[in-house]
Every structure is written in structure tokens, then in C-alpha cells.
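Structure first, then comments.
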Amino acid sequence: MFRWLRRAYQIVFLGFFLFLLVVTTAGHIRSYDVQWLLEFDPLVAVTTALASHTLYHALLWSLVLIVPTLILGRFFCSWMCPMGVLHHALGFLARKRRPPDRVKQNAPRPSHRIKYLVLAVMLGLAAAGSVQIGLLDPIASTWRGLATSVLPALSNLAYGAYQGERHFQWGTLITLVFFGALALNFVYPRFYCRVLCPLGALLGLLSKFSLFRITRRPEICKGCKFCGADCQGAADPQGTVRATECMVCLNCVEACPRGGLSYRFLPPTQFSTTKIDLVRRKWLGAGVAGVVAVPLMRASDGVEPRPNPARIRPPGSLEEEAFLEKCLKCGACMKVCPTGGLQPALHEAGLEGFWSPILIPRIGYCEASCTLCGQVCPTGAIEKLTLDKKVGEMPSRPPVRIGSAFFDKGRCLPWGYQTECIVCEEVCPTSPKAIYFKMETVTARDGTQKTLKMPFVDLDYCTGCGTCETRCPVVDRAGVRVSAANESRTPRSSISLTGGKI
Amino acid sequence: MSSNGPPGPYDRVPESRVRKGSQTAAQTDTASMDRRGILRVGATAAMALGSVALGFGLRDRGSHKKTRALPTIKDHRADKPAGATDMAIVRGPDPAANVRRAVEALGGMGRFVRHGERVVIKPNIGWNRTPEQAANTNPDVVAEVVRLVVAAGAGKVWLTDASVNTPEQCFARSGIEKAAKAAGATVVRPDASAFREVNVSGKLLRTGDVLFPFVEADRVINVPIVKQHGLSLASMALKNWYGVLGGQRVKLHQNIHLSIIDLAAMVKPTLTILDATRILLANGPTGGSLADVKQMDTIAAGSDEVALDAFGATLLGLNPTDVGFIVEGMKAGLGTPQWQSLKTVELGG
Amino acid sequence: MRIFILIVLALVPPAFIGWMVRQGLRSPAPAVQPAGKARPSGAEADKTLLALFQGDLAGAKVKDKVGLYDEKGLFDYIDGAAPIFIQRHYRKLAAAEMASADGADMVCDVYDMAEPANAQSIFDAEKSATAKPVPDFPDAISGPMSFVFRAGRYYVKLTAFDAKAEAALPGLAKALKGKMK
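Residue numbers (this note's numbering), protein chains in the order written: chain A, 736 to 1237; chain B, 2 to 350; chain C, 22 to 202.
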């Protein structure tokens, strides 16, 4: 009976997760807390707290998952995790037919220890200030896979009916990783959950303290091993139940023909184990590897001092070092961005910033009256902005700047081709406009004099929104382009003396 | 137990068949709330409470910007004794002797530095050049100033500059580091950790990163060299204060004259010793060619930087009122370009 | 007992989802209106502008009449220089040809920039490298044949055509400033 409840939970939570994901668009998001699951995710809370030495207030919700896991065990993996539900479903489809073969598929393996090493490496990286957990965290990965790969593909198939035409640079990589993980279920069910998932590892560690466990009564047991045929966690219910692997799916309880398995409070410890079978040396080694990797990575491409001009961060982003201590690369900001300008970085933010959000103005600009990216960010890597703070009020209160526009006078139509244009000035959203024009007289090809409006950028007013670059009629490389210089989140990046800070 | 083939799904063992009374049965039937069980519950409860406490303890309470009050650099000027000389100009073949005689004419270093005070000496060590190329202050001049300050009983003597070229090479090639160390100064390299954020509170500049000796010293002694400069026309005493700044000071050139004065007004030095032993007439402030250098064997000293710079401007063949920062300095009340109108002593030699 | 737990657990998801959806459907906070005050009403402000040209102006007198130029008219008056005023929310220009006490010709342009910040902004923007600040007159610069100053929300450009007129400019400026409250 409880197994049916578990299935109901799976369907309901996956459904709600998908609903919130689909509703994360400018038109529909309202005030939904679309990131509640990431806010519940203890792995996110632990790693960002380790890296930034503070806990973002929304992440306090993780306690709602931590405390019940300490009591009830690793129920999240089979009752609530969306990645878990998908893998469970696929694992079910891919399972072998005969029960004895399934028992072999679901047998515990030495490779199931790998996820604990993955967790150790991730914690080591976080302790040294680099949060990479989003690459493997199941919820962040599902978000990213669906938001930047699956949903855009579906939307584009429907002629952009959902969010318009959406494209994410090198999204194929994300697709391959996401579906690759799903495909591993054809090796054996829930491969990812058992071998790689660092959240599963963390919850497994917490389960060491669990007061409720699956236990087997050996005096009733006949050794038929039906219990092991559908065990999701490969927790060896037919032998000594591994409490750290057990996902409380309750398949074993229902499968036993004699009622020999039950989930109960404080069962005797001789029939279950919480050992993880990893030598301390391996744990520590993995953790140290994570810690040591950070300065090595940063020696090759540092956070500063040679910032990539293409690293235009969303408005409200923290300074880069703090940003990398929080960004999960979950893709929520990329999904909600109304113009589709926020894209997953490849090399623009260095190795650490792989798949973190950058604005590519040629694809989409930052809508001046929009603050949605900060609204959906679960860790506060992008701070919530009010419209007033984002727009500011010149000349006394500067706006939030994400970069500055620069004219390429060889490609701009008035400058390079003596042709009237100034679309950039027309669409510039600031008041007064950051792009202004001056009348100049030029000589055309046929020798006649033409008076044109020539555009210029006033760096004191430009916010780097990129509307000019998006709309520039020179379609491949625009005649006016935004780069990250002068972004307000990095004091050293400012170009102008106005404002009085060196 | 049924023994007819493999068990079916509903083939459960009736309770009556379970061996009652055995240890195993008793243990598996009831929860083990013995001592072990209580310990386990306690451990779990401790973990739970610990997580909650940690979570709430680490919770961030709002803004990341820690607004701490920034230090302000104090006024380093010394009181002027009645009847004292304002400015001394000394000419002679020995730079160290010129310095000694100039300071003596002003009343001795004791007028400027009290016993036990902490002093920072700021030469121009901006460029990777030899002393003959006249891009940095003459090392003999610097060494003599250090000696005089040490002799006056200073508690701490720092010597520093935020070089434009790589500091290790500038400090070495100029000869200044060696000479200053030998004379007893503590040389401070402009490493990233040596800067502090301070209030500048100028017309143009609100805050800036400044080398720590300028924040901590009681007295500041400026030891600049006289050079031509492409943008500001000259680089002498007032412009030497660029060298206290870190950060993106290349932005200052957007309004060079006002920024020079903002910095000079922030530092308000005690004493300036203007090195005109060799001056750079062209291709400044970097120099390079000896053909641009002129031997003048002159030292000028005083506490009015505007007056000293006006004097230095004449050595370069410039009209002081043509130099923007001299006019701005006068308007800001930092001194007067009419150095002849001050109580000046000129010693030839 | 088991049934009780079953029911409680069964109620948790709908309760949770219901609460989340209720939170989500809450209307977002009203969009913040851009800060700042709206411009003063046209007729009132026009009257104030014109009043500046009346009364004692250090002996100077308006020669013909004071012309009022709104955004459209500004292009006719100063052509390509118009956008930098319009960008800064300029409201109206009052311009007049004047004669100084000893008959020299001057032109007086008073821009009502609607807000002091806008007037400061245009003053900073138009400052030329050759103009010099005027002692005892804050926010003013004088150059050959010209005197420019800002007072409150007004930005004033005075132009002379000979040495006699040039000498009269500071006096006129002071008088005008005195009327600007």
C-alpha cells in the first residue's frame, strides 16, 4: 500500500517539478518559487556554504530535507527526486525479464562507492572556493538538461509556440550529458543514482544516523531473493541491508512472499549495515584532490586579471569570485531570460565557469525593465534586484551596468558606409540615451555631400544591455558590440573617472 | 512452512509457526530501545539539532557590501616657526651636500620631524631607468634625505613608491633601494597587499587604494625629480603623489590636473625636496635618451609644493601659469606660484 | 495506525503544492515607478521664465521681444545642438537679443531644464577646454565673448559681439541669477 503512495509521490512531484520548469518564462512565472527543489537540496546548501562561508537564506529550506533524512533514511531518492523518477521509469523499462537476472542487476557493486569519492572531490573544490556541484547534482542537471536542451527542442518543433525560437550555444554537449546519463540505465537500472550521484552520496551519509530502516527477519526468510529483484538502491535486502544505499522504495517489502522485510523504527543493527566500504585514505585523497585542483585551475585562467570581454554576467551578479562560489549552472536564469540572451559559457568564464550564464547580445539583449534572472536564482549568485536599483536615476544614481557598448567604425553603416541608420540610438533604452548622434557631413562615392547622423556611446550612461548589438542590421558581427568592461559589479573594471573611484 | 515447490506471493508464514520465545524473535519483534537504541536516537537528534544550528548560524543577513568606515589621511604639515625660511634653493656639484645645506637653511630636519615620529619618504621610483637617465629621483639625494630623517630621531622610516614598470627592477635599477637601505630606511615594495582603501574626498576622487605607509605615518617627505610630461606638461612635486595610488590610476588622465590636486590635497606633505640634479627635458616621464637630460646640480626644498613646482617649471623652460595643475593648486589653496614672493634663500656654489 | 500514517503522508503533497501554487499566483509587487518629479506645468513655468527678462538687469534691456522655444522650435534655433538638451529633459528656451546700458549688442539664452540635476548635467557637458571659471561666481565659466552659468534649474548662455558687450556680460549674469530663486 505504501508502495502505491510512493508511486503517487513520484508522479506528483515530477509533475509539479515539470510544471514549475515549464512555467519559468517571463509571461507565466508570476511569483512561483520555481527553484524550491534546489532550495531543498542539502548538497547545494552544504557546498555553497562551504565556499562562501554563508548560507543563502532561501537554502535554509534544506533543513526540511536534512532532518527527515536523518530520521527516515534516503527516501528522497525514490519518493521525490525528479532525476530519480526519470531513472526509475527508464530502469523499469530496461530491466531484465527474469527475477534471478534482475537480482544480479541490482546486486551491490564496488563501483557504487564512486559517488562518495565524487562527493569528496566536490566538497574539496567547494572548500577551496569553487562550486562545481551543479555539474553533477541531479536536480541542477535535470533543470539544465530540460531548460537548455529538451524544452527548446520541443518549442522549436512547434514553431516557437512556447518561448519563441530558442538556441543555446553548444547545447548539444548538455543534451549528450543529460541523455547519456539516462541511457546508462540500460547498463543496469539507476546507474547514475548508484554510481555517480553526489546528492545520493550525501543523503547516504546522513542515512547512517537513520532511525527507521529496512530490516529482514532471517527466521522467516527462505532465501528466494525476490526482495533483491527490484531493489532500487542495490541495498542488498537479501543479505545485510545497506542503510546508506537503501532508497526506501519499499519494493522489497511488497515483494517478499512471506512478509519478511519491513521498514521499522530502530531495528536491530546486526541485519543492516552503514559501512560504506571505503578506506579513509581514499576519502581524504579525493577531498584533497578537490582542494588542490582549485589553485591549479586558477593559475591557468584566473578569475581576474585578464577578464574575457565576452564574460558579460546577468545584472545583479556578484563579483566574479563570489559568483563562482554560488553559481550552480542550473540554467534557470537562461530559461527565464525573455530574449534568450543568457547562454551557457564554454571558455568565456574559464574552466570554473563552464556552463555558467553569460549574455551573448548577438542572440538576445538584457531587457531594461526585467529583473527575472535574479528572481529565479536559487543561491543568490545573481542577487534579486528591484527595478529602481537596476535602472537607477542619472546623473545622481548610476544604473547597474553589465558592460559597455563600443562602435566598430569599419562595420557600422554611418561610420563605414556613409549610410543613414542609427537603429542603435533608436532602441537604446536609457534616459537620456547612452547612444547619441552628431550631425556630420561626409562625401559619398559619387562625390556628393551627405549629412548623416553619426552615433557615439556615452560611457557614463551605457548599461551594456546589448539592445544595440542585437538590433544592429549588420547581421553577423554587429557594428556596435558590448563587452564586459565598465561592469558595475567589478570596481576595477570601471573605465570612466566619473563616480570618483580609482 | 509449505514445501510444495517455490513459494507464491501470498504464501505467508502464520504467526503460530514462528518460533516464539527465542532470543531472535524477541529482538526482531520489538524496537530495541535499550541503551544502544537511546544512544542512536541521541546521535540522530544531535545531528539534526546541529544541522539546524549550523544552518541558522551561517545564514546571511542581507547585504554583502560591508560598509566599514574608510580611513582618512591626516594633515602631515608641521608648524612653521616664526621667521623661518619658506624655500631654499641650493646649487653645487655634490647632490648630498646640496640637500644638507637646503634643509639647514630651512631650520634643520628637526623643524619637520620630531623624535620618535613615523616618517615615509616618497621619491620617484616610477620607471626602470638608471640615475643618469633622470626618470627617477637621484639615489644620492634620496639617501641623504633618509640619513637626515634618521638623524632627527624618527621612530620609523619607510621608503616607497607605486612604480609604473615592474617594482623589483625599478627599485634596483634606479639605485634607490640600495642607497636607501644603506642609509637606514625600511623599503616597502608596492605589492597588492600593501594598499589600503581610503577616503580621498577630492573634487574628482572620492576613494582610492593607497600604500599603507601614507595611512600610518606621522610625517610625509616628498622627494620628486623635475621632468617633462606629455599630458600635464611637467611632473614634479605635485604630480609625484600619483605614486601613492594603486588600482586603475590610469583613469586619472581623463582629468589630469584636477586629479593631481585632489591627491596633493589628500596627502598634505611635511616637506618637499625637489631634485633638479639632473632634469628630463623631453620624452618624459619615461625618458631613456641621455640627450634629453640636462645637468643642473640644483636642489630646492620647502613646504609649498606649488611654489617649488613653479620654480621647477622655469627650469624646464615653462611659464608656471601655463601649467594646469600649478594654477589648480593655487586655486585650491595649496600654495603660491610666486615663489620669489616667499622667504627664499638661494645658495650658489 | 498505518492507515493514519498513510493518510497523513497522502495529504502532504497536495497541501504543499496547494500552498506553493497559492504563493505563485500572488500578484507580484507593483512595478516601481521611476523616481523623480514630473516637470512643472507649462503655463506657470513659462510665466516664470519670461519674468526673468523684466525689471532691473544691470542696465540691459530686451531689444525686441523674448522668444519661447519648445522642443520642435529648438531645432530651428540651434539645429544639431538641440538633441543634447532634449535628452536632458529640457523644457523650454527663452531667448532674446539685448542691448547693454551703453548700447552694445548681446544675446541671452535661458534654458529651463526642468530639474537642477539636468541643468548641472548640460553645464558639465558643454564646458569647453578654453573657458575659465569665474571667481566669486559658482557654476559659471567665461570665455572669449561668452559667459555661461547655471542657477537652480536654469542654464544661461550669454553671448557678446564686441569688447564693450563682453565687459557687460558678468553684470547681466549676476542680475539674472539674482532673479532665479
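Glycine included, C-beta positions come from ideal geometry on N, C-alpha and C.
Given the structure is predicted, the values throughout are model-derived calculations rather than measurements.
Leaving out the 5 sequence neighbours to the left and right, which residues in its chain are closer than 7 Å to residue i when beta-carbon positions are compared?
i         : result
Thr287/B  : Trp128, Ala136
Glu900/A  : Asn891
Gln229/B  : Ala235, Leu281, Leu282, Ala283, Gly285, Leu317
Leu919/A  : Phe926, Tyr927
Val328/B  : Thr322
Lys198/C  : Phe170, Ala172
Val121/B  : Trp159, Thr161, Pro214, Phe215, Ala218, Val221
Asp1193/A : Ala1169, Tyr1171
Within 6 Å: the Cβ of residue i and any heavy atom of the ligand GDP?
i        : result
Pro933/A : Absent from the structure shown: the ligand GDP. Ligands present: none.
If you count every other CB in all the chains shown that lies within 10 Å of the CB of residue i, and 16 or more means buried, which is it?
i         : result
Ile222/B  : buried
Gln840/A  : buried
Asp91/C   : exposed
Ala888/A  : exposed
Thr315/B  : exposed
Ser233/B  : buried
Tyr98/C   : exposed
Pro817/A  : buried
Phe172/B  : buried
Lys153/C  : exposed
Trp40/C   : exposed
Val922/A  : exposed
Val1023/A : exposed
Asn241/B  : buried
Gly859/A  : buried
Trp814/A  : buried
Gly313/B  : buried
Asp123/C  : exposed
His902/A  : exposed
Phe752/A  : buried
Asn125/B  : buried
Trp1090/A : buried
Ser1131/A : exposed
Output needed for residue i: all residues of its chain with C-beta closer than 6 Å, excluding positions within five of it in sequence on either side, in chain order.
i        : result
Arg13/B  : Low confidence applies to Arg13/B: its pLDDT is 48, below 50, so where it sits in the model is not reliable, and the reading given next is rough at best. Here the set comprises nothing.
Tyr132/C : Tyr111, Leu114, Tyr176
Gln973/A : Lys960, Cys962, Gly963
According to DSSP, which residues form a beta bridge with residue i?
i         : result
Met127/C  : Met119/C, Ala181/C
Trp905/A  : DSSP, once it has assigned bridges, lists no residue as partnering Trp905/A.
Leu1094/A : Leu1077/A
Gly303/B  : Met88/B, Thr273/B
Leu1301/A : Residue 1301/A lies beyond the residue range present for chain A, which begins at 736 and ends at 1237; the question has no answer from this structure.
Met1189/A : Lys1173/A
Asp133/C  : Lys113/C, Tyr175/C
Glu1128/A : Arg1132/A
Glu347/B  : Ile90/B
Lys1236/A : Thr208/B
Ala1140/A : Val1217/A
Return the chain-ordered list of same chain residues with a C-beta closer than 8 Å to the C-beta of residue i, the five sequence neighbours on each side being excluded.
i        : result
Ala183/B : Ala144
| Taking one C-beta from the region 1133–1142 of chain A and one from the region 1077–1089 of chain A each time, how about it: are there three or more such pairs within less than 8 Å? | no
| message | Just to confirm the assignment: which complete alpha helix (DSSP H) runs, minimum length 4, are found wholly within the region 216–294 of chain B? | response | 257–268
| Three-pair Cβ contact test at 8 Å for the region 1014–1021 of chain A versus the region 1060–1067 of chain A | no
| query | Where are the beta strand (DSSP E) runs, 3 residues long or more, that stay fully inside the region 151–217 of chain B, in chain order? | reply | 157–161, 187–189, 196–200, 208–212
| Between the region 34–48 of chain B and the region 151–163 of chain B, do at least 3 Cβ pairs fall closer than 8 Å? | With the cut-off at 8 Å, the region 34–48 of chain B and the region 151–163 of chain B do not touch.
| request: Pair every Cβ in the region 77–96 of chain C with every Cβ in the region 26–43 of chain C, then say whether three or more of these pairs are closer than 8 Å. | output: Cβ pair count under 8 Å is below three, so no.
| field | At least three beta-carbon pairs within less than 8 Å, the region 1151–1158 of chain A to the region 1177–1197 of chain A | value | They touch, by the three-pair rule.
| Segments of 4+ residues assigned as alpha helix (DSSP H) that fall wholly inside the region 826–876 of chain A | 834–840, 849–862
| task | Report yes or no: do the region 1162–1172 of chain A and the region 1199–1206 of chain A share at least 3 C-beta pairs separated by less than 8 Å? | result | yes
| Which ranges would you report for the beta strand (DSSP E) in the region 78–104 of chain C if only whole runs of at least 3 residues count? | 88–90
| said: As an exercise, report each continuous alpha helix (DSSP H) stretch of at least 4 residues that is fully enclosed by the region 994–1043 of chain A, in chain order. | reply: 1015–1035
| Are the region 89–106 of chain B and the region 143–155 of chain B touching by the rule of at least three beta carbon pairs closer than 8 Å? | They touch, by the three-pair rule.
| Touch check for the region 934–953 of chain A and the region 965–985 of chain A: three-plus C-beta pairs under 8 Å? | yes
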